[in-house]
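Residue numbers (this note's numbering), protein chains in the order written: chain A, -19 to 242; chain B, 2 to 249.
Okay, structure coming up:
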């Protein structure tokens, strides 16, 4: 069965085509890496798949439901760890977790167990009652990953989940995600800039650039097609070596301000 | 139900955790009560208006409510910018539930703020006429709070960032407050001002509160309640609609 099916997806912002006629499929239980340089259209695609944005055109299906017409069914079926922070800084770690559990209607008993288990897993259990604003970047990231797993989603979206984490933590988190993928047959759809990470965990890979998918297949296939011996080299040979500029938005300004303020 | 509850609870926790905000937002009403109350009191008395503090306190209570309520609604902009809004919007709950939870939370907080100012006004000599009808005052406090939280939500749903905030304060909130009869009686005003005051929803909130606290009313208690409820209902619907259209 297909977990995610995308056909001819296009998203335009004014005159910019952020996603341009993209099609791909993700099998149920698969770990799928969605790779591309900055500004390639990864996050926009994830936002459309997770009901946050409406596509300009194209067909999408998540677990057999349409994210545009059957928003609530779709929302129940996935979990997401966003690229940008999305915690409430004025709440404690535990409250952030509980808030998520209640929003996803996880029953109280399961909620309490899982929150404890997950917070212990990301080693934040002894600091569960501290306000998130006192956490370091890495701690917040771990908390976000833990939060995305409370409701044991069928599909897990991870938008650069390990950004800014040390190798130990990355390894730790991926092991957990892999075990969930195995035990619960959870589909994992992730983006990352760490090619070694993608090479290690992804069963299938799609590479997107300038809003278009330029190559997809298994890691082996990609390496074979580009006659390279690592995914990183394959990626560079497909997308070139020029550095991309991302347009800044208000959010970036805000974050800058916040960083300066604290 | 649990969604509404957790969102309501979140607003309360955020409010009670920011003590500086609570204390800070009591400063302005207190200043108004003292400076205007005692400063203009003698003239008001001479002109036959009676005790000015008695007249002014309900207006200042309303001021505290609308500032806190509007700010609670506008907090959505912060949530959007700091990412938390996304977390709420991808959850399998309807936008209406989210909006209701948030708005009730904001309204509760603003009502609490209003009640704090009511106590504060006792310090400068304000006395309710009739303790028995004090519960009715709470109805007006809550309705006003609800109205302006929903208004804040509606505004925040269309604003991208805080840059528009000053604009809203100076061209919406301040005029609403100053032209509501919070500071002066609505009798015998120039025609234009009378019209503006009568289409200003806050006028009915202030008047209803003044009626229940001091037994003085311009529009009458029943019209106040009716008009305030209807407008609150309309703004709630508009706010919910705009909130449901948010894209990130």
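All residues carry an ideal CB built from backbone N, CA and C; glycine is no exception.
Taking a 10 Å sphere around the C-beta of residue 6/B, we find fewer than 16 other C-beta atoms and assign the residue as exposed. A distance below 6 Å between beta-carbons, with the five flanking residues on each side excluded, links residue 37/A to the following residues of its chain, in chain order: -10. Between residue 3/B and chain A, the shortest Cβ-Cβ separation is below 8 Å. In this structure, the alpha-carbon of residue 104/B lies about 7 Å from that of residue 147/B.
In the three-state reduction of the DSSP assignment, residue 180/A falls in the helix class.
Among the CB atoms of chain A, one or more fall inside 8 Å of the CB of residue 91/B.
For residue 64/A, a Cβ of chain B is located within less than 8 Å of the residue's own Cβ. Setting aside the 5 residues that flank it on each side, residue 236/B is surrounded in the same chain by 148, 151, 152, 155, each with a C-beta closer than 7 Å to its C-beta; the list follows chain order. With contacts defined by Cβ atoms closer than 8 Å, residue 99/B and residue 194/B do not form a contacting pair. A residue is called buried when at least 16 other Cβ atoms come within 10 angstroms of its Cβ; residue 196/A meets this threshold and is buried.
Put simply, of 86/A, 205/A, 165/A, 71/A the residue whose alpha carbon is nearest the alpha carbon of residue 15/B is 71/A. One Cα belongs to residue 64/A, the other to residue 129/A, and the distance between them is close to 17 Å. Below the 8 Å Cβ cutoff, chain A contributes 32, 33, 34 as neighbours of residue 248/B, in chain order. In the DSSP annotation of this structure, the continuous segment of the beta strand (DSSP E) that includes residue -2/A starts and ends at -4 to 7. Cβ proximity to chain B below 8 Å picks out 62, 64, 65, 66, 67, 68, 69, 70, 71, 75, 78, 79, 80, 82, 83, 84, 85 from the stretch 61 to 88 of chain A. Between the stretch 180 to 193 of chain A and the stretch 136 to 150 of chain A there are fewer than three C-beta pairs closer than 8 Å, too few to call the two in contact. Listed along the chain, the chain A residues whose CB falls inside 7 Å of the CB of residue 84/B are 62, 64, 65, 66. For the pair of segments examined, the stretch 210 to 224 of chain B was found to touch the stretch 53 to 67 of chain B: the number of CB pairs separated by less than 8 Å reaches three. Pairing residue 123/A with residue 112/A gives a Cβ-Cβ distance under 8 Å. In the three-state DSSP reduction, residue 151/B falls in the helix class (H, G or I). The residue among 127/B, 62/B, 160/B, 130/B with its C-alpha nearest the C-alpha of residue 114/B is 62/B. Secondary structure note for residue -14/A: it is in no alpha helix (DSSP H), and the uninterrupted beta strand (DSSP E) holding it is -18 to -7.
Relative to residue 0/A, the option among 192/A, 118/A, 222/A whose CA is nearest is 192/A.
In this structure, the straight-line span from the alpha carbon of residue 32/A to that of residue 25/A is close to 10 Å.
Going by C-alpha positions, residue 155/A is about 11 Å away from residue 162/A.
Rounded to the nearest angstrom, the gap between the Cα atoms of residue 213/A and residue -14/A is 27 Å.
Taking a 10 Å sphere around the C-beta of residue 40/A, we find 16 or more other C-beta atoms and assign the residue as buried. Of all residues in the stretch 5 to 33 of chain B, only 7, 11, 14, 15, 18 come within less than 7 Å of chain A when Cβ atoms are compared, listed by chain position.
Taking a Cβ-Cβ cut-off of 7 Å, residue 114/A has no neighbours in chain B, whose nearest Cβ is about 13 Å from it. At least 8 Å separates the CB of residue 183/A from every CB of chain B. Nearest C-alpha to residue 186/B among 174/B, 205/B, 170/B, 172/B: 205/B. Look at the stretch 88 to 162 of chain A and you find these whole runs of alpha helix (DSSP H), each 4 residues long or longer: 88 to 101, 117 to 128.
Uninterrupted alpha helix (DSSP H) stretches at least 4 residues long and entirely within the stretch 17 to 66 of chain B occur at 20 to 47, given in chain order.
Within chain B, the residues whose beta carbon sits less than 9 Å from that of residue 52/A are 93, 94, 95, listed in sequence order. Burial is judged here by how many other beta carbons sit within 10 angstroms of a residue's own beta carbon; residue 231/B has fewer than 16 and is exposed.
From the beta-carbon of residue 55/A, the residues of chain B found nearer than 7 Å are 91, 92, 93.
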